[in-house]
Amino acid sequence: MIATVATRFYKLDQPDHVCWDEAHFGKYANFYINRTFFFDVHPPLGKMLIGLFGYLDGYNGSFHFDKPGDKFEDHQYMGMRIGCAVMGALLVPLSFLTVWEMTFSLPASTLSGLLILLDHGMLTLNRFILLDPPMLFFISASVYTMVKFHNQRHRPFSLPWWLWLSSIGVMLSCSVAVKFVGIFVVIFVGFRTIADLWEILGDISRPVTYTVKHFMARALCLIVIPTLLYMGIFYVHLAVLNNSGPGDGFYSSAFQVGLKGNYLHDGSTPREVAYGAILTLKNSVTSGAYLHSHDHLYPEEIGGGQQQITTYAHKDENNQWHIKRHNKMPPSWNSTKPVDFVRHGDLLRLEHFVTGRNLHAHRVLAPITIKQFQVTGYGLDGVGDTNDIWRVEIEDGEQNQVLETMVHRFRLIHYNLGCALTCTKKKLPTWGFEQDEVTCNPNKRDPNAIWNIEENIFPRLPNVSFRSYEKNFFQRFIESHVVLINGNSALKPKEGEATSKPWMWPINLRGQFFSGGKLQVYLLGNPIIWWGNLVFMVFYIILWVSVGVREKRGVVMTPREIMLQNRALSACGWLWLGWLLHYLPFWGMTRVLYFHHYFPALLFSSMMTGILLDYAMESIPLSLPQKMFNSTYISILSGALVILFYSFYLFSPLVYGLVRYADSNSTMHHLHWLSTWEF
Amino acid sequence: MLLFGVALATRFYALDQPNSIVFDELHYGRYAGLYQKQTFFFDSHPPLGKQLLALAGYLGGFQGDFKFDKIGSSYNASVPVFAMRSVPALTGSLLIPLVYMIMLQLNYSQWTAALAGFLFLFDNALLTQSHYMLMEPILLFFAMSGVLCVLKFRALERSGNAQAHSYSLRWWGWLLSGAIFLTCALCVKYVGVYSYLLGLALVGHDFWEKVLGNLSLSKKQVFGHACARFFAFFMVPLMVYVGVFYIHLSTLVNAGPHDSAMSSAFQASLEGGLSSIVRGQPLEVVHGSQVTLRHAHGSPCWLHSHAANYPVKYADKRGSSHQQQVTCYVAKDINNWWIIKRPNRTDLAVAAPLDRISHGEEVQLVHGITGRNLNSHNVAAPASPTKQEVSCYVDHNVSMPAQDVWRVEITNREEIGDVWHALESMVRLIHVNTSVALAFSGRLLPEWGHNQHEIVGDVMVNQPNTIFNVEEHRYTRNEDEKDRQLELMTTDFIPLEPVVMGFWEKFFELQIRMLFISNENVQNHMYTSSPWEWLVLTRGIAYWVSPESNAQIHLLGNIFVWYSATVALGVYCSLLIFYLLRQRRQCYDIHEEAWNQFRTTGEVLLVGYVFHFLPYFFVDHTLFLHHYLPALAFKLLLNAALVEHLYYLTRLVFAKQFFNWMCILIVLTWMSGILMVFNKFLPLSYGLGPMNASQILDLKLRETWDFIVHKP
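Written out as C-alpha cells, the structure reads:
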C-alpha cells in the first residue's frame, strides 16, 4: 500500500505543464466548473469527477488547457492530478483483493498486486488528468464486487449479499458512464451472472421459483439500478451544463433551445411553414450548417456559369431562402388570402433571398463528389425553369402534414432528377471560400440529405417562442447518445497518420508520448510484465488443454494437484474471458485507436499472470524431491520479485520524466530494447 | 432427382439472356478474359473461382478480346456467355442435391430433405446469383460439398464399429475430400475460411469426444488419429491452396493493368510491361548510374522533382526554403530520373573499373533533368510540419548550405548482399547531416505541387515508408549535361534476358499484398446494406437494367422464404434454450433420439450460420446483400430441420391423427405461398421484359427496395 502511494504520488506535480490529453480533459473540467455546454465523445462521469476534484481543490476553471506543453503556472491543477492518482492507486489493493477472493492464496494475490503496481504503463496513465484512472478504477471495482458477491453465494438474500450485488450494479453503471468501453465489463459480469444462475438452476433440491427469485434480484440490481443511475448521471450532466458553449453546434436546433445564452434560447418563430416565408435551412446531421448561396459563380472548368450553393456554419443573411409554390408566386405578406401551408409531398421552389436565384440542380457533375449532380443558383428574380422544382418529403411524414419549424426533419427531392439535396461535408477550394459542398445525391437515403428549418420569418402567423420546442430530459438523453455514438464512429484516422493497431499492444511495440520538451514522459508498459503476461497466457492455454486431455484419458492425479489446478483454472478462465472481452472488440473497431485502450485488458492479464505464477511455484516443486521443495519455491519467488523490481527501477525514468539529452549516448540509450520505442 | 431436374431447368433457363454485362460480371468476366490472354491482374480474392470461369470460357472458345467496360454493355459474339455462365449455373443447381444429402446425413427424413432442396430451389436470390458469372454459387457449392463430406466422415466415426472403419478407404476418402472441398471454398473467396473452420470444429470436436475420450485406444493410436487429422486438415489444404496459386501465377505471365500494385521485381518477371524496359539493364548500381527510385511498399510512386520551387509561404503562413520541389509521382515521367554519384567525384560517365555502391556508403543524388542535388535541411515539410523538408538544392545565398549527402542502407542485404542492386535491393536513404530517412509521407501536396505525393525527411527511420528501390537503371555515357539530358530523353534499351523470380517469392509477395493492402472501397454505394438488414431483406442490389424498358435484374431473396427462415432461427434458438433449461432441471421433454438430432442440427447448422454471419458485424468494408448468401444457406437448412422437429412435437403433444394432417396442410400452404412469391419476382431474377413502370412498382413490397424505373 505504502509503495503504491509512494510510486503514484512521487513528483506528481512534475511536469508542471499540460501533458497529452490533459489538454482535453482539463478543458472539460473547466466547462463543468463554468457550467458551459460542450461536446465530447465520452459519457460524462469521468469528466464530472475530474471537474469535482478540481472544484474541491479550489480550482476556478480559469486555465485554458490550450495545448500540450502549456505551463500551469499558479493554477490549482494538483487537485485534479491527486484525484486521478488516488483512483489509480486504488487499482493495486483492488486487484489484490480480487485475486484473494478468487483463489484465497496470499502469494497469488500479492503477485497480482505487484504486477499492477510495478507496471510503468499503469503508473504513467494514472498520474495525469485523464479519463483512464476513473475508468480503470470502476472496471476493477466491478470485477472485485463481482467476485466478492460470488463468494457470498452460500448465504443468499442476506444483507451483505444484497449490498455486494447492488454495488456491482453501481460500479457497472459508473464504468459505462466514464467511457463506453465499460460495456465490456458489463458483458463480463453478465456472463458470470448467467453462469451463477445456471448453477442455481441445476440445484434440483430447490424449486424453480427459487431460481426465479435469484433472477429477479439480479435483474433489479444489475439492470434496473444501473440504468437509473446512468440516466441520473446524464441528468446531472445536462442540468449542470445549462450555458451555451462550444458544444452547441453538435446538437439539434431543438436541443440548443434549452441552453442559456444560445441565440435560440430567446428567439421565436411561427410554428408552421407557409408559402411566402423567409427560411433558413440547416443540415440535420451532427454539426450541420446552413444552406447558403452568394453572388459568386462556379469556376468555368467545372461546369461553371451558375451561382454557387454551399453550406455555411455561421449566421448570415445569405442563408435566407424564400419559399414558393412551384407554379405561382406566393401572396405578399400583407394580403388577406388564406395562409397557404407547406405540406408533405408539395412541389416548391426555393429562391435565394438576397440574389433572387432559385435553388437548381442539373445533370452536371458536382465539383468534388463527381458521382453526384451539381446544385446551383439559377434564374433571375425567381424566374427559372423546371430544374428548380423540389419535392419536400418530411421524415415519416403523412399526406397533407404541414411542415413545422425545427420539429420536422425533411428531404428535398429534385423533381426532374429524383436526387436528394445533400451536403457532402467536403470543403470547396478557395473559389468556394472553403465552405462545404452541396450536391444532389441519387442515393436518397444518405443521412446527410436531411434538413430542418431553423429560422422562419412570416409575419402573418403568430410567433411561438423557441422554448416550446425544447426537448424534455428523455429526448435530450437520447439525442446526446446518438450524437456521442456518431461522434465516436466519426473519429477516423486521418490519411497518412500513424495509428496504433491492436496487434501492437500486447507486445508493447510502441508507446505514446505524454509530454515532450525538456522533461519527457513516455507511456510504455514494463516490458518484463507485458511479455510475461503473454507467456503466461500461452501457458494457460497449454495447461487447460493438458488438463482436459488428462481428464479425457482418465489419468489419475493427486488431490493436491487437482486442488491447485482447479483453483488456477477456474479463476484464470474468467480472467481470460475478461481479457478477451476487453481486447478483441478493438480489432473490429474502425475508429482511431490508441495504445492506452489496452490497459483494461492488461488488468485482467496481469491478475492472471499472478495466479499462474503462483500455480507454477506451487506445482513445479511437487514434481521434485521433497527436500528441494522449499528451496525451489523460494528461489522462484525471489527470482520473480527481483526481476520485477529491477525492471521497474530500470524504466522508472520514463514515468517520472526523463531529461532529454541531445546526444545518442544518453543514459537512456541502453533502454531502447526495441527500436520502435521512441523516447 | 425431380428437384435436381427443376433446379437445372431454372438455373439454365435463358442463361445467355440478357446478353450484356450484369453487375460483377464486369470484374469476373474481365478476369476470365485476362486468363485467356495470360495477363497478370491483381484482385484481393483468391483465384479458383475465376479460374473455373476462365476454363469454361476457354472451352467455349473465348479469346479474351472483349473489353468489359461497364455494366450493361452488350456482349459480342466472341464471348461464350452461355459457357461461362454455366459454371455458376451448374454449381448452383448441384447445391440442391447437396443440401438434400446433407439433410439425410443429419438423420432427417426424405421429405424434410426435399423441403430443404425446395427452399434452395425457390429462393430468388440464389437463383439470380447462380444465373450470372458470380462467385457465390461456386463458393456455396464447395462449402456444402465440404460439409457433406465431413458429415459422412462423422457418421463413420460415430457408427458402431468406428474402430473397423478407421483408416479405411472410405474413411480417408471422406476426410480428405472434405478438407479439399473446404479449401476450394476458401480459394474462391476468403470468406470460405468460415466453412473451413466449421469443418475443422466438427472434426476436432469428434476427435476430442470419440477418440480422446475412448479409453480403449492406446496412446499411440490416439496420436495416430491426431496425425491423420492434422495431415488432412492442415497439410492437404495448404497444398491445395498453394497449388491453386501455382496455376494462377504460372498462367499469368504477361504484364497487365495491375502491375503497379506489385513490386518492381515482380513486375519485371512478367512478360512485357516493366520487364521489357528493365531487361538487360545493369544489375549493380555504381557511381554514375541513372536510376528511377520507386517507393517500394504501399502505393506505387517514383521519387520525382521538377523545375518548380516550394512556395515562399504556405497557406498556413509557415515559410519554406523556397528550393526546388521533390515529390513522389505516381506516373512514369522523365523527371523521375536521378543520377547516383559519389560526393567527392565530379565526372559522371561510367567507365571501367565500375565504382560499385554498397551498404553504408555515402552518395549524392543528382536530378537528371534539372541537375540539382537531392537535399534536406531543418525546415518543416510542406504538408507534414512535424517532418523535415526535402528539396533539390538551390543556392539562394541565404547562408543555407547544401546538405546533400545521403547514406545508403540496404535493408535486405542478408539476401541480396552488400552491393546495391537494381530492382532487388531495398534501400533506405539516410540524410547524413540530420539522420532522417527519405520517406513517403502519404499526404498530397496542394495545387502548387501538382497534387503529387509529399516526400519528407522522417526521424522514424524504421518504417516501410522509407524504403525505396531502383527500378529503371542505366549507366551514364556522356559527361556533357546537354548530352546527358538528350540521352535521358531518347534511349531505349535492347532486351537481353528476363528477370526470373521464383514461385515462392511471387506467392508470398502476392499473398502479402492481397491480405494486407486494403483495396479501395466503393464508399457510399447506393445498394450497400448492413448485416441487420439482411435478416429482414431491407435492401436488394440492382444488377442490370435493360436500356429499352424497365426490365431489370435485381438481387432480392424470396421474401417469404427469408422471413420464415428468420422466424425459424428465432424459434430454434428459443426451443434450444427451453430444452437446455428444462434439462438442467432434470426434465426430459423429448426422446433422447430426437434431442440428439436436435443437438446435432445445432452443432452443424446453427454454428455454421453463426460462423458465416457474425464476422460481418466486425468488418470495415462496404457490405452487400450477396455477402449473406453463405449464412443464408445454413439458415434455410435450419428452417427445414425445424419443420420436421415441429412436426415431431405435434405428434408428441397431440395424439390425434387430425393434427398431423393439419401440420402437413400448413406446410403445404406455406410451400405454395413460397412458389407464388417466387413466381411473382421471377422477372426480376431473369430480367424478363418488357415491363412497364406500374408492373415494377407493383413488385415494390417494401418502401426500401429501390427498383429502377427509368421508362414509363
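Residue numbers (UniProt numbering), protein chains in the order written: chain A, 1 to 679; chain B, 1 to 712. Note that CB positions come from ideal geometry on N, CA and C, so glycine has one too. Small disclaimer: the values here were computed from a predicted structure and weren't measured.
**Message:** If I follow the unbroken alpha helix (DSSP H) through Q192/A, where does it start and stop?
**Reply:** Sequence check: residue 192/A is Arg here, not Gln. Unbroken alpha helix (DSSP H) run through R192/A: G182 to L201.
**Asked** Does the beta carbon of K501/A sit closer than 7 Å to a beta carbon anywhere in chain B?
**Response** no
**Message:** For the alpha helix (DSSP H) containing H214/A, name the first residue and the last one.
**Reply:** V208 to A219
**Request:** Verify whether the separation of the beta carbon atoms of V350/B and V286/B is less than 7 Å.
**Result:** yes
**Asked** Is the CB of A662/A under 7 Å away from at least one CB in chain B?
**Response** Bear in mind that a pLDDT of 41 at A662/A, under 50, signals an unreliable position, so the number given afterwards is only what the model happens to contain. Not an interface residue.
**Asked** Out of G64/B, A568/B, D404/B and N397/B, which has the shortest C-alpha to C-alpha gap to N378/B?
**Response** D404/B
**Request:** Buried or exposed for N521/B, please, with buried defined as at least 16 other CB atoms from any protein chain shown within 10 angstroms of its CB.
**Result:** In this predicted model, N521/B has a pLDDT of only 49, less than 50, meaning its place in the structure is not dependable; the value taken from the coordinates is given anyway. It is exposed - the Cβ of N521/B has fewer than 16 other Cβ atoms within 10 Å.
**Message:** Quick check on DSSP: helix, strand or coil for E520/B?
**Reply:** Unreliable placement is indicated for E520/B, whose pLDDT of 48 sits below 50; no coordinate value is reported for it.
**Under the three-state DSSP convention, the category L130/A falls into** = coil
**Asked** Using a beta-carbon distance below 7 Å, is L215/B in contact with chain A?
**Response** yes
**Beta-carbon contacts of K425/A that lie in its chain and below 6 Å, excluding the five residues immediately before and after** = D436
**Prompt:** On the three-pair Cβ rule with 8 Å, is the segment 20–39 of chain B touching the segment 528–546 of chain B?
**Reply:** yes
**Message:** Looking at chain A, is there any beta carbon in it that lies within less than 7 Å of the beta carbon of L515/B?
**Reply:** no
**Request:** Determine, using beta carbons only, whether F618/B comes closer than 7 Å to chain A.
**Result:** yes
**Request:** For residue 680/A, count neighbouring Cβ atoms within 10 angstroms of its own Cβ and tell me buried if that reaches 16, exposed if not.
**Result:** Because residue 680/A is not part of the residues shown, which for chain A are 1 to 679, the question remains open.
**Prompt:** Of all the options W420/B, F118/B, L668/B and W532/B, which has the alpha carbon lying nearest to the alpha carbon of V291/B?
**Reply:** W420/B
**Message:** So Q586/B contacts chain A; which residues on that side make the cut at Cβ distance below 8 Å?
**Reply:** I204
**Item:** DSSP state of V342/A mapped onto helix, strand, coil
**Value:** coil
**Request:** Can you grab the Cα-Cα spacing for the pair I369/B / E284/B, in whole Å?
**Result:** 23 Å
**Prompt:** In whole angstroms, what separates the C-alpha of T183/B from that of A633/B?
**Reply:** 18 Å
**Item:** Reference S441/B; option with closest CA among W534/B, Y393/B, M144/B and C301/B
**Value:** C301/B
**Asked** Out of V653/B, K152/B and Y647/B, which has the shortest C-alpha to C-alpha gap to L665/B?
**Response** Y647/B
**Item:** As assigned by DSSP and simplified to three states, the class of D458/B
**Value:** strand
**Request:** Give the single residue among V483/A, V86/A and K627/A whose Cα lies nearest to the Cα of D248/A.
**Result:** V483/A
**Item:** Residue closest to L354/B, alpha-carbon to alpha-carbon, out of R372/B, P385/B, G288/B and V330/B
**Value:** G288/B
**Request:** Kindly indicate if chain B contains any beta-carbon less than 7 Å away from that of T145/A.
**Result:** no
**Request:** Pair every Cβ in the segment 536–546 of chain A with every Cβ in the segment 604–616 of chain A, then say whether three or more of these pairs are closer than 8 Å.
**Result:** yes
**Message:** Taking the alpha carbon of T336/A as the reference point, which residue from I389/A, K552/A and P459/A has its own alpha carbon closest?
**Reply:** P459/A
**Item:** Within chain A, the residues that L365/B reaches when beta carbons sit closer than 8 Å
**Value:** Within 8 Å Cβ-Cβ: nothing; L365/B doesn't reach chain A, min ~24 Å.
**Item:** Rounded straight-line distance, which links the Cα of G49/B to that of L297/A
**Value:** 51 Å
**Request:** List the residues of chain C whose Cβ lies closer than 7 Å to the Cβ of M526/B, in chain order.
**Result:** In the structure shown, chain C cannot be found, because the protein chains are A and B.
**Request:** Please go through the same chain and pick out, in chain order, the residues whose beta-carbon is closer than 7 Å to the beta-carbon of Q63/B, but skip the five residues on each side of it.
**Result:** Q36 and S78
**Message:** Measuring alpha carbon to alpha carbon, tell me which residue in G417/B, L682/B and F659/B is nearest A125/B.
**Reply:** L682/B
**Request:** On the DSSP bridge assignment, give the partners of H322/A in chain order.
**Result:** I278/A and E351/A
**Asked** How many Å lie between I302/A and T269/A at the Cα?
**Response** 39 Å
**Minimum C-alpha distance to H45/B - residue among F245/B, N550/B and P690/B** = F245/B
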